[in-house]
Structures are given as structure tokens and as C-alpha cells.
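Peer 1: These protein sequence lines map, in sequence, to chains A and B. If you count the first sequence from 1, position 149 lands on 165 in the working numbering, and the numbers rise without skipping. If you count the second sequence from 1, position 22 lands on 71 in the working numbering, and the numbers rise without skipping.
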Amino acid sequence: MQLEFSAEELAFQQEVRTFIAENYPQELRGKQDEGDELAKEDFLAWHKVLYNKGWVAPAWPVEYGGTGWTATQRFIWSEETARADCIRLMPFGLAMVGPVIYTFGTPEQKAKFLPRILSGEDWWCQGYSEPGSGSDLASLRTMAVQDGSDYVVNGQKTWTTMAQHADWGFFLVRTDKEAKQQEGISFLLVDMKSPGITVRPIITLGGEHEVNEVWLEDVRVPVENRVYEENKGWTCAKFLLAHERTGIAGVASSKRGVDKIKSIARAEQDGDKPLIANAFFKRKIAELEIDLTALEFTELRSLAGANAGKGPGPESSLLKIKGSEIQQRLTELALEAVGHYGAPYFRGFGEGDNEHPIGPDYAHRAAPTYFNTRKTTIYGGSNEIQRNIIAKMVLGL
Amino acid sequence: MDFTYTETQDMIRDTLARFLADTYDFEKRKVMIASSAGRDAGIWSALATELGMLGAPFAEEHGGLGGGALENALIMEEMGKVIAIEPYLQTVVIGGGALKAVGGAVADAVIPGIIGGEVVIGFAYAEPQGRYDLANIRTSAKADGAGYVLNGHKGVVYAAPWATHLLVTARTGGGNRERAGVELFLIDANAKGITRRDYPTVDGSQASEIYFENVAIPGEALLPGGIDLIEKIVDEATVAVCAEATGVMEKLHQGTLDYSKQRTQFGQPIGRFQVLQHRMVDMFMEVEQARSMVLMATLKLDLPSAQRKAAVSACKSKVSKGANFVGQNAIQTHGGIGITQELAIGHYFKRATIIEGHFGSADYHLDRYEQLTLAE
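1. Assuming residue 363 of chain B contacts residue 309 of chain A under a Cβ cut-off of 8 Å, what Cβ separation, rounded to an integer in Å, is found between them?
2. Does residue 384 of chain A come out as helix, strand or coil in the three-state DSSP assignment?
3. If you scan the region 296-353 of chain B from start to end, which runs of the alpha helix (DSSP H) of 4 or more residues do you find wholly inside it?
4. Answer with yes or no whether the minimum CB distance from residue 297 of chain B to chain A is below 8 Å.
5. List, in chain order, every chain A residue whose beta-carbon is nearer than 7 Å to that of residue 138 of chain B.
6. Interface residues of chain B around residue 21 of chain A at Cβ under 8 Å?
7. In chain B, what lies closer than 7 Å to residue 272 of chain A by C-beta?
8. Looking at chain A, is there any beta carbon in it that lies within less than 8 Å of the beta carbon of residue 488 of chain B?
9. Counting Cβ pairs, one atom from each stretch, are 3 or more of them under 8 Å apart for the region 394-413 of chain B and the region 290-307 of chain B?
10. So, is the C-beta of residue 125 of chain B closer than 8 Å to a C-beta in chain A?
11. Mind checking if residue 384 of chain A is an interface residue toward chain B, Cβ cutoff 8 Å exclusive?
12. Which one of A:408, A:226, A:111 and A:291 has the shortest CA to CA distance from residue 354 of chain A?
13. Within the same chain, show all residues whose beta-carbon is closer than 6 Å to that of residue 108 of chain A, passing over the 5 residues directly before and after it, in chain order.
14. So residue 36 of chain A and residue 97 of chain A are supposed to be a Cβ contact under 8 Å. How far apart are they, rounded?
15. Note down, in chain order, each residue of its chain lying with its Cβ closer than 8 Å to the Cβ of residue 14 of chain A, except the 5 sequence neighbours on either side.
16. Please go through the same chain and pick out, in chain order, the residues whose beta-carbon is closer than 7 Å to the beta-carbon of residue 340 of chain A, but skip the five residues on each side of it.
17. Alpha carbon to alpha carbon, what distance is there between residue 28 of chain A and residue 215 of chain B?
18. Nearest-angstrom Cα distance between residue 373 of chain A and residue 371 of chain B?
19. List, in chain order, every chain A residue whose beta-carbon is nearer than 7 Å to that of residue 374 of chain B.
20. Taking only three categories from DSSP, how would you classify residue 233 of chain A?
21. When Cβ atoms are compared, which residues of the region 394-409 of chain A fall closer than 8 Å to chain B?
22. Since I believe residue 151 of chain B is in contact with residue 272 of chain B (beta carbons under 8 Å), could you give me their beta-carbon distance rounded to a whole number of angstroms?
23. For the candidate residues A:159, A:134, A:336 and A:338, whose alpha-carbon lies nearest to that of residue 146 of chain A?
24. Name the two residues that bound the continuous alpha helix (DSSP H) containing residue 211 of chain A.
25. Listed in chain order, which residues of the region 295-312 of chain A have Cβ atoms closer than 9 Å to some Cβ of chain B?
26. Counting only beta-carbon separations shorter than 8 Å, does residue 54 of chain B have a partner in chain A?
27. Along the region 104-125 of chain B, what residues have a CB closer than 9 Å to any CB found in chain A?
28. Please identify the residue among B:194, B:339 and B:189 whose C-alpha is closest to the C-alpha of residue 233 of chain B.
29. Taking just the CA atoms, how far does residue 388 of chain B sit from residue 380 of chain B?
30. Using a Cβ-Cβ distance cut-off of 8 Å, determine whether residue 290 of chain A contacts chain B.
31. Use the C-beta contact count for residue 263 of chain B: other C-beta atoms within 10 angstroms, 16 or more gives buried, fewer gives exposed.
32. Which residues share a DSSP beta bridge with residue 163 of chain A?
33. How would you write the range of the beta strand (DSSP E) that residue 93 of chain B sits in, first residue to last?
34. Starting from the beta carbon of residue 337 of chain A, find every residue of chain B whose beta carbon is closer than 8 Å, and list them in chain order.
35. Mind listing the chain A neighbours of residue 102 of chain B? Cutoff is C-beta to C-beta under 7 Å, in chain order.
36. Please decide whether residue 18 of chain A counts as near chain B, where near means a Cβ-Cβ distance under 8 Å.
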């Protein structure tokens, strides 16, 4: 048992640092520094760089395009990308449907979809939640009825992140009305350009257009686009949720978040001292940093278990709960730190805008980010649902 | 980076767990605590001679198993699971730790006695006015020829009534709270001029107030290293007591879980109520995070002192808060029966409560952490 990196691991760390320094898209860096909202092309720019290097899907098995890295190498990768403030790639293809397809899909599905997820050619969205099915996801009502070689799908999905840009969506639909809730659900891959699909924006508290309502009206989906057996979609859904929860810990990016708070608190004045000298504010940073350390080592222990052949299990709910709470506390501290200049509403730079926004650069996004980040304890199974999962699966209650 | 235990470490844990399950069941523990010695000395001998457990963190040349802080953590966690009152922390972790750090003749002379179970050490560092400041020391060690003369009062010295040796912090110079002049001495517990007032502690152990009145000690009793050495061994002890806490907390959580599945109210086991389920999940998360922090701090004990101290303080503040949360909620979930002496749960709660403040409260360690990591 040891914390130090081996010589090979140190060399790998250096390789990663050099690669990021030489290849991270400059235009993207500029937008991030200005606090601009990022567009699809921005995400794809970094995605393409990683794809060309063969590093776009470190967690995938090598046979499907993964890197074959050890858990430690993956840890180094996430540390270094966070340290360099690289954007996180959209998870829907790479972290969600990709693993479902290579785990449960047919050879044809793997051949068709996996290369296009890796290359970034297809942009994916997740059709899970419905207006009446949030935490109680298994109560979903979107129906798929087989008609010849197609399913005909009718219903409504909501909170569909990035659906406005998506080429494909993975949808949970009901294929058996009579079965018990979880047993009548199937997992479908749906071409978002299919006739009968309507995407309507939902604008969230920070002013962002991230999520959408998706309406499906007599949408025809070929039966060959069903992953795994009919009525066994819940198996895929559970598998995906456990995968989603581990990524959700977000340790490396929260570490960078702590550094940002510290630099804001050193820049902001509180009386004749910097804010970081304020005993109450300092205590909050210290407690946050310590909780983040606890999360980091809990994740490392879980990764060590995963290396020893245990997949991510229900204990990954712990990572989701603590990781999301920490993300929220970070945004709360940032907003507290900027004081008055949390209030001005910055719409972002439009075409031809060159007027500098009000207040310090680090203040523009503090309030919108705080508002937006309330989502982390709600999505991916709310933190209350995560507690139910631990209670049932780990504690046997 | 590697997070796997060696076969020897697994063996230490399994062997000790089996031994303690037999010797330390709740009823036997009650009997030994109520006895006149306040312990069963045969257990300590057995740990030494039958199990070879007291040699775990010592070098093979001294007759040990060649381990270190990881082995201490494993052993302390198992001790915590049965709320053992054995003086492993004081004798092996603290006394042994100091001897390993200074090496030389004194280490060669005393370590084999620790491993053999003949030596028991009490750590006399706290003073009534000192709280957790290791340099807030009035006990004096005045040079006198080749040796020293000790005068002063040390408080709440765990295991002192059983001790053959005392590890004492005392001032050879400098004013109160000055770092310079604080030194560490290993002395005979029965030296002339030492008086003790022995008493039981609330968590089932034995401790003493110790008074030194012109106690003459030889020059070689001084273990060189001063306050830096004292801070290092106290940091090691702090992590060890946190490891013990993870064992205590695991049992508090497990006991609560079991109880909630048996206790019926409103026609169903109380573990079916979501408000209690979520509370027990929160307890589970505290136990897991405490475990993670102990691992983190154990692996950082050999870093340069500023990093070591920050890691240890992060660990202790988190574990203190976790122990408080898990202990209080274990009692609350048990209801009335939890506040009686009848069930083991209350005894685990008492030990958890004392560990909370041992070697510094959560607030003390948050302060120290901030001083090291959050400078202006």
C-alpha cells in the first residue's frame, strides 16, 4: 500500500501534461477564461483532439477503443485534465450509452454506434425522465408498440440535456403495460431526426438552455435498435445509473474549484484583510477541502476495489451524494465570496459585444453557476433516492 | 499508487479479530473492568507471546514483524471493534514510536520488552492548563550533574496504573508555551518521588494524575528530538486513535442497524421507516469517510512535517465529527435502552466520545489545518 506514483506513472503524468499543454484548443481556452457559455462545437473541438490521440474513452475496454490504462493512470488523467481546466466531455455517449452498448448490445449495434460515439460524429441525449416520472423512474409511461419490424413510440420525456443538439437518444420506454413496473421497460436507441419528435427548450435558473422537453408522436424505431431483450431495459438502466454515479463524484474538478475559491478569497477584501483571513469563511473552506479529501480517498478505495474485480456497486451512491453536495458548497462559497457583484446579470458576449461585464471576471458566473448547480443533488437519481439505494442494497433495510 | 494490503497485513487483522472475538466479548469485558486491576493482564501477555502482535510495527532485528503505521492502524481498528482497553496505543504506538524514532541503545534495551509484553508505557504529556498544546508545559526537568530532576503534575495518563515506564514531556528550558526546551523522557514508572492518584475513566480504562517531586532521572532517559519528535509521535498516535474510532464507529453503526431490524413499533421493524433509514445511511457514510481519512493520513505520516500535520488534522477533524454523529445517532435510534448500561452500544458511544477529544478536538485540528494550508 502506497500513495507515491511509480516511475512509469510519473512518466505518464508528464506525457499527459505535455499533451494537454500542446493540444488543448486555444479558442476554447479563451471562451472559458471569458466565462462564455460553451457551444456544441466547443465540446467537439476537445473531443476530436482526444479522439485523434486515442484517449477519448479511457474507461472503455481496449477492444472497443479504450486506452487500457490502469486505474491509477485514469486517476492521473482526471487529475491532470482538471488541473489544466479542460472541459469535461459530454457524458451521454462516452460514459452512458457507450458502456451499455458494449455490455448489452448486439455485434451490429456495437459496429454501428461505438465508432461514431468515439469520433464524436453522433451526439447523444438521454430519454429517461418524464413529467410524471422523476425519482420514481420505473413509473414511466412512454409506450412502444411493435408494428412489423418497428416499434411505434408515443409519449413525453423531459429534462433531456442537450437534446437540441442530439443526433441520437437512448430512451426507456414501456413495452409491456401488464408487467410489474420494472419488468415492462425496454431500452431503445432513437434517431432524433425521426419524424414525430419535437424538442422544446426549458430555460433553467441561470438562464441556460441545457435541458428540453422531448415529445414523441408515432415515432417509428426499428426493432434492431432495441438494446438487450424486450422488457429487460431496466437492467441496462440500472447498470448505466451505477456508472453515471461514479463519474458524478467529480473529485478532480472540485479540487480545481477549491483552488478557485481560494484565489477569489485572496483577491476580495474584507475590512483591511483579504477574505481568506476571515475566520468564518476560512473555516468553511477548510471543512470543504477536508470533505473533498475524504471523498477522494473513498473514491480511490472504490477504484482499488474495482481493480480487484468488483464493479461499481451501490456504494457508488455515496460518491454521488458527497460529490454533489461538495459541488454545491463550492458554488455557494464562490457566490458568497464575490459579495455585491453576484447580483449583476451577465448575458454573455453576443455578436459584436465588446463592453466588459460589470464587476470582477470571477464574479460573472458565480450566481448563475450557483443556481444551475442545484441540479446536482437532483439529477442522476436524487440524493434521497441514493440514500434509499444504500439503505436497501448495502444496509439490507 | 497501490491500495492493497499484503498477506501479512491480512493475517494480522484476521488473527487478531479471531482472538479478540473470543477474549473480549461484552460480558468478559465488563468483568475485567470491574476487577481490582481494572483489566485482565493475561490478555496483554497472550497478545505478546501467543499472537506476536505487539511486535507488528517493529523491525525484525528487534524481534518484530517489520511493519509500521499501517499495521498499527489495522490493530487499532480491531481493538476499536471490541472496545479493548489494552494499552496498545500508549505502549506500542506511542512508546514504541518514540523508541523507533530515536533508535540506539535505549531502543535496543526497551523494544524487546514491549514485544515480549513485559513493558507497559504510560504517556504523560497532558497538563491541567495545557489543553491540546504540546508545548504548554510546566513540568520541569532541571539538569543535575549527568541527569535531571523532574518536578510537576501530569494529568489523565491512560494506562499509568499498569505501567512499567512513563514517557514524560518536560521542560529543560524556555518559558511556558515556548517550543524550545520541551523534551521527551522515558523513565521508570516507580522511580522515587513519583506519586499517582489512580482512577477509572468513563470509557472503561484506567488512568492517573501523576505528581513528580524531585524525581532524579539519568541523563540517558532523555530521548533526543524535542518538540518535533513529540509532535511526530502524537501525530502517529492521533491517526492510530482515529483507526480505533473506525472500528468503534463500525460497531455503533452495525449495532444500530441490527437493532432497527428487530425492534418493532407501530406494527413493523423501525428500520422500515425512511427517516431512520436515511439516518443510518448518513451514519454509514461517516464510517466510510472516516476509514478513507485514516488510510489517507496513515499513508502520509512520513511526509515532511507541514504536510504530515495537515493530513493528520484533516483526518482527526473529520473522524471526531463522524464519531460524534455516529455515536449520538446510534443512541437516539436505540431509544431508551440506548441510555442504559445494559447494551454494548452505550459503551461504544462512551469510547467514541472520548476519542472525539483525544489529541485534539475537531476545532483544534481545523485550526491547525487552516494555519498550515490557508495562509493569506
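C-beta: ideal position from N, C-alpha, C; glycine also.
Peer 2: Here's the rundown:
1. That belief holds up - the Cβ atoms of residue 363 of chain B and residue 309 of chain A are roughly 6 Å apart, short of 8 Å.
2. If DSSP states are grouped into helix, strand and coil, residue 384 of chain A belongs with the helices.
3. Fully enclosed alpha helix (DSSP H) runs of 4 or longer: 323-348.
4. Proximity of residue 297 of chain B to chain A, defined by a Cβ-Cβ separation below 8 Å, is not satisfied.
5. The contacting residues do not exist; residue 138 of chain B stays about 21 Å from chain A at best.
6. Neighbours of residue 21 of chain A on chain B, chain order: 50.
7. Near residue 272 of chain A there are no residues of chain B at all, since even the closest Cβ is about 16 Å away, more than 7 Å.
8. Lying outside 50 to 425, the shown extent of chain B, residue 488 of chain B is not represented and no answer is given.
9. In short, these stretches touch, since the Cβ pair count reaches three.
10. Judged by the 8 Å Cβ criterion, residue 125 of chain B is not in contact with chain A.
11. Interface residue (Cβ-Cβ distance to chain B less than 8 Å): residue 384 of chain A is not classified as such.
12. The shortest Cα separation from residue 354 of chain A among A:408, A:226, A:111 and A:291 belongs to A:291.
13. Excluding sequence neighbours, residue 108 of chain A sits near 140, 141 and 142.
14. 7 Å between Cβ atoms; contact.
15. Beyond the ends of chain A as shown, which are 17 and 413, falls residue 14 of chain A; an answer cannot be given.
16. Within the same chain, Cβ atoms closer than 7 Å to the Cβ of residue 340 of chain A are found at 264, 392, 393 and 399, the five residues on either side in sequence being excluded.
17. The alpha-carbon atoms of residue 215 of chain B and residue 28 of chain A are separated by roughly 50 Å.
18. Roughly 44 Å between the two C-alpha positions.
19. Near residue 374 of chain B there are no residues of chain A at all, since even the closest Cβ is about 13 Å away, more than 7 Å.
20. DSSP places residue 233 of chain A in strand when its eight states are reduced to three.
21. Hits within the stretch, in order: 400, 403, 404, 406 and 407.
22. Rounded, the Cβ-Cβ distance is 5 Å, consistent with contact.
23. Measuring from the Cα of residue 146 of chain A, the nearest candidate turns out to be A:159.
24. Taken as a continuous stretch (DSSP letters only), residue 211 of chain A belongs to no alpha helix (DSSP H), as it is neither H nor E.
25. Going along the region 295-312 of chain A in chain order, one finds 295, 298, 299, 301, 302, 303, 305, 306, 307, 309, 310, 311 and 312 with a Cβ nearer than 9 Å to chain B.
26. Answer yes: the Cβ-Cβ gap between residue 54 of chain B and chain A drops below 8 Å somewhere.
27. So the list reads 119, given in the order they occur along the chain.
28. Nearest of B:194, B:339 and B:189 to residue 233 of chain B, Cα basis: B:189.
29. Taking C-alpha positions only, residue 380 of chain B is separated from residue 388 of chain B by approximately 7 Å.
30. Yes, its Cβ sits closer than 8 Å to a Cβ of chain B.
31. Counting C-beta atoms within 10 angstroms of its own C-beta, residue 263 of chain B has fewer than 16 neighbours from the protein chains shown and is therefore classed as exposed.
32. Listed as beta-bridge partners of residue 163 of chain A by DSSP are A:166.
33. Under the DSSP assignment, residue 93 of chain B falls outside any beta strand (DSSP E), being part of the alpha helix (DSSP H) whose first and last residues are 90-98.
34. Residues of chain B with a Cβ closer than 8 Å to the Cβ of residue 337 of chain A are, in chain order, 334.
35. Within 7 Å Cβ-Cβ: nothing; residue 102 of chain B doesn't reach chain A, min ~19 Å.
36. Yes, its Cβ sits closer than 8 Å to a Cβ of chain B.
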